[in-house]
Amino acid sequence: MASHSDRRRFLKRGGALASFVIGTVRSLRGQTPAREAILKDSLAYGQPSPFDNTIRRTLGQATAISDTALTTPLQDLDGIITPSGLHFLMDHVKGVPDIDSKQHRLLVHGMVDHPLIYTMDELKRLPSVSRIYFLECNANNRPIRGPNGESVQNVHGRTSCSEWTGVLLSALLNECGVQKEASWIVAEGSDANKYTMSIPLAKAMDDILVAYAQNGEPVRPQQGYPLRLVVPGWEAIRSVKWLSRIKVVDQPYMAWHESGNNADTIPNGKGLWYRFEVGPNSVITRPSGGQRLPGRGFYEITGLAWTGGGAVTKVEVSVDGGRSYKEAALQQPVHRFAHTRFRFPWAWNGEETVLQSRCTDERGEVQPTVAEAAKNLGVPPDYFYQADHFNGVQPWKVNRDGSVQNALFL
Ligand SMILES: Nc1nc2c(c(=O)[nH]1)N[C@H]1C(S)=C(S)[C@@H](COP(=O)(O)O)O[C@H]1N2
Ligand SMILES: [Mo]
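Residue 55 in this note's numbering sits at position 55 of the sequence shown, with consecutive numbering throughout.
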């Protein structure tokens with residue numbers, strides 16, 4: 001039997017609900033028709049509290065003048081899922097195409113026995129899978145000097161994590177019958193400039209998703225509506241949005257968009273060709289650059305870790321600038337190729353210090369510091385100011401007044 005206090009709590013909650021409904025009905029009355037339409041619409045598709053309207057993507061630094069870039073406000077988010085409206089955005093050149101899903105088609109052809117054209121309805125009749133995967137731009141985590149380098153959103157906000165639903169690409173390829181000489185696929189989007197990427201067939205047959213849903217609803221237009229590739233653990237440049245064509249081939253095509261991304265030249269002349277996997281990475285999202293601790297005492301240090309190597313197995317946090325590390329708690333379950341939330345209790349004594357985190361993945365690979373990354377590559381640390389594919393440790397300095405700043409190149 002419910003106790004007295006349970007019942008009271010129930011009555012209170014019932015009362016709160018009733019006044020919410022009455023308040024809503026009242027707020028719809030006495031409005032102009034236009035305002036009433038807006039209010040009704042915001043009820044039909046819920047909106048965040050107006051008190052939280054500061055949680056927004058901000059325009060990031062585009063890699064080229066023609067790119068559009070929006071970054072995820074990692075400092076404002078909890079758990080591991082990025083709300084769809086806050087997913088980062090990277091568009092090369094031509095912007096988001098307007099696609100009617102009823103008209104959309106996916107063509108699978110090339111070195112296959114039976115080329116096929118799929119409508120969206122046909123794809124949705126096939127066995128579906130849902131998986132939680134991060135997408136990270138190869139240009140994320142770029143140490144930026146000056147005010148733009150001061151927040152985790154600006155430096156690391158080109159990574160997001162969603163539950164993606166769709167069909168396995170292997171199911172489509174098997175239906176079409178891949179010929180035995182084939183070794184690559186070329187995936188094409190229907191943006192105006194036909195964004196195109198080459199992907200090894202082995203990965204395509206392994207775990208790539210052809211996704212039509214993101215966090216339970218259709219993929220957002222900016223993320224590739226109605227259909228996108230999701231290539232788990234690999235740099236997001238391969239996850240072709242607005243997917244309309246897959247050609248099975250026997251060599252990489254080095255298409256226009258991939259040539260720039262694959263042919264990095266580094267000062268010592270070594271080229272980095274066809275890099276795919278994201279290295280082990282992590283960042284403390286709170287406290288982070290631009291925030292201010294109100295005073296000494298207890299704080300939970302929290303952040304995200306991720307890796308193209310599969311599962312994150314360990315995150316260590318240092319509260320003394322890397323001199324010593326202790327293991328953080330990982331939010332369970334840990335999903336492979338997904339953001340992994342870590343949490344670490346900390347008491348600030350009011351002194352200046354540096355906070356940083358370090359990720360280890362299931363292959364035993366450890367996230368390097370900028371000095372270690374520079375040594376591994378044989379380049380000066382400054383190289384990482386403009387480099388892609390950076391996964392170095394991110395230090396945040398806590399000053400005596402509680403202000404937090406990017407300490408990577410202080
Ligand atoms: N068709 C198409 N696919 C694309 C791109 C694009 O410009 N066009 N940008 C790529 C890049 S560089 C990245 S980082 C990811 C970004 O995905 P998002 O915008 O959904 O975050 O999509 C990739 N897929
Ligand atoms: Mo990207």
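No residue lacks a Cβ here, since even glycine has one placed at the ideal position from N, Cα and C.
CB of residue i to nearest heavy atom of ligand 1: below 6 Å?
{"i": "Lys195", "result": "The displayed chain sequence assigns Tyr, not Lys, to residue 195. Indeed, a heavy atom of ligand 1 lies less than 6 Å from the Cβ."}
{"i": "Phe88", "result": "yes"}
{"i": "Val240", "result": "yes"}
{"i": "Asp191", "result": "yes"}
{"i": "His92", "result": "yes"}
{"i": "Cys137", "result": "yes"}
{"i": "Ile237", "result": "yes"}
{"i": "Gln214", "result": "no"}
Closer than 6 Å by C-beta to residue i: which residues in its own chain qualify, once you throw out the five before and the five after it? Chain order, please.
{"i": "Gln291", "result": "Val404"}
{"i": "Val21", "result": "Residue placement at Val21 cannot be trusted, given a pLDDT of 46 that sits under 50; what the coordinates show is reported in the next sentence. Taken in chain order, the list of residues that qualify is empty."}
{"i": "Gly321", "result": "Val354"}
{"i": "Asp6", "result": "Only weak support is given to the placement of Asp6: the predicted model assigns it a pLDDT of 46, under 50, and the question is left unresolved by the model."}
{"i": "Tyr253", "result": "Val186 and Ser198"}
{"i": "Leu330", "result": "Thr340 and Phe342"}
{"i": "Val315", "result": "Ser282, Ala305, Ala328, Phe342, Ser357 and Cys359"}
{"i": "Ser130", "result": "Glu163 and Thr165"}
{"i": "Asp113", "result": "Gly177"}
{"i": "Tyr118", "result": "Leu106"}
{"i": "Lys194", "result": "Glu188"}
Keeping to the same chain, check which residues put their C-beta closer than 7 Å to that of residue i; ignore five residues upstream and five downstream.
{"i": "Ile81", "result": "Cys161, Ser162, Glu163 and Asn215"}
{"i": "Asn140", "result": "His156, Arg158 and Thr159"}
{"i": "Pro226", "result": "Ile99, Ser101, His104, Met120, Tyr212, Pro218 and Val219"}
{"i": "Val319", "result": "Trp346, Thr353 and Leu355"}
{"i": "Pro333", "result": "none"}
{"i": "Leu408", "result": "Pro143, Val370, Gln394 and Pro395"}
{"i": "Pro221", "result": "Val96"}
On the DSSP letters alone, give me the boundaries of the alpha helix (DSSP H) that residue i sits inside.
{"i": "Asp41", "result": "Pro33 to Ala44"}
{"i": "Ser170", "result": "Leu169 to Cys176"}
{"i": "Glu122", "result": "Met120 to Arg125"}
{"i": "Leu201", "result": "Leu201 to Asp206"}
If I'm right that residue i touches residue j with Cβ under 8 Å, what's the distance once you round it to whole angstroms?
{"i": "Ser198", "j": "Glu258", "result": "6 Å"}
{"i": "Arg125", "j": "Phe88", "result": "Rounded, the Cβ-Cβ distance is 32 Å, inconsistent with contact."}
{"i": "Val167", "j": "Val210", "result": "5 Å"}
{"i": "Leu304", "j": "Val283", "result": "6 Å"}
{"i": "Ser136", "j": "Val278", "result": "According to the sequence shown, residue 136 is Glu rather than Ser. Glu136 to Val278, Cβ: 5 Å. Contact."}
{"i": "Ser190", "j": "Pro97", "result": "6 Å"}
{"i": "Trp306", "j": "Ala328", "result": "The Cβ separation is near 14 Å, so there is no contact."}
{"i": "Gln75", "j": "Arg286", "result": "6 Å"}
{"i": "His389", "j": "Arg275", "result": "6 Å"}
{"i": "Gly224", "j": "Leu243", "result": "7 Å"}
{"i": "Ser288", "j": "Val152", "result": "4 Å"}
{"i": "Met205", "j": "Leu172", "result": "Contact doesn't hold; Cβ gap of about 11 Å is too wide."}
{"i": "Asn154", "j": "Thr71", "result": "6 Å"}
{"i": "Val240", "j": "Glu188", "result": "7 Å"}
Is any heavy atom in ligand 3 found nearer than 6 Å to the beta carbon of residue i?
{"i": "Gln223", "result": "In terms of ligand content, the structure shown lacks ligand 3 and carries ligand 1 and ligand 2 instead."}
Span of the beta strand (DSSP E) holding residue i?
{"i": "Asp91", "result": "Leu89 to Asp91"}
{"i": "Glu300", "result": "Gly297 to Trp306"}
{"i": "Asp361", "result": "Thr353 to Asp361"}
{"i": "Asn376", "result": "From DSSP, Asn376 is part of no beta strand (DSSP E) but of the alpha helix (DSSP H) over Val370 to Leu377."}
{"i": "Lys417", "result": "The requested residue 417 does not occur in the structure, where the chain is confined to residues 1 to 410."}
{"i": "Val152", "result": "Where Val152 is concerned, there is no enclosing beta strand (DSSP E), although the alpha helix (DSSP H) it sits in stretches over Val152 to His156."}
{"i": "Lys180", "result": "First-last for Lys180: undefined, no H or E at that position."}
{"i": "Gln214", "result": "Leu209 to Gln214"}
{"i": "Pro345", "result": "Thr340 to Trp348"}
{"i": "Ser244", "result": "Leu243 to Val249"}
{"i": "Ser324", "result": "Neither: Ser324 is in no beta strand (DSSP E) and is coded neither H nor E."}
{"i": "Lys102", "result": "Premise fails: Lys102 is in no beta strand (DSSP E) and is neither H nor E."}
{"i": "Trp396", "result": "Trp396 to Val398"}
{"i": "Tyr133", "result": "Val129 to Glu136"}
{"i": "Leu229", "result": "Arg228 to Val230"}
{"i": "Asn391", "result": "Taken as a continuous stretch (DSSP letters only), Asn391 belongs to no beta strand (DSSP E), as it is neither H nor E."}
If I measure Cβ to Cβ from residue i and keep anything under 8 Å in the same chain, skipping five residues before and after, which residues do I get?
{"i": "Ala366", "result": "Correcting the residue identity first, residue 366 is Val in this sequence and not Ala. For Val366, where only same-chain residues beyond five positions count, the Cβ hits under 8 Å are Pro280, Arg358, Cys359 and Thr360."}
{"i": "Glu181", "result": "Met111 and Asp250"}
{"i": "Gly14", "result": "Note that Gly14 scores 45 on pLDDT, short of 50, meaning its location in the model is unreliable and no value can be drawn from it."}
{"i": "Ile208", "result": "Leu168, Leu169, Ser170, Ile199, Leu229, Val230, Val231 and Pro232"}
{"i": "Val398", "result": "Pro287, Leu293, Trp348, Glu352, Thr353, Val354, Leu355 and Val404"}
{"i": "Gly310", "result": "Gly233, Arg336, Phe337, Asp361, Glu362 and Arg363"}
{"i": "Asp401", "result": "Arg292"}
{"i": "Pro73", "result": "Ile55, Arg56, Arg57, Thr58, Leu86, Gln153 and Gly157"}
*For the 8 Å Cβ check, are there 3 or more pairs between the stretch 354-362 and the stretch 373-386?*
no
*Segment contact flag, the stretch 108-119 with the stretch 239-259, C-beta cutoff 8 Å, min 3 pairs*: yes
*Kindly confirm or deny that the stretch 297-309 and the stretch 338-346 touch, where touching means at least three C-beta pairs closer than 8 Å.*
yes
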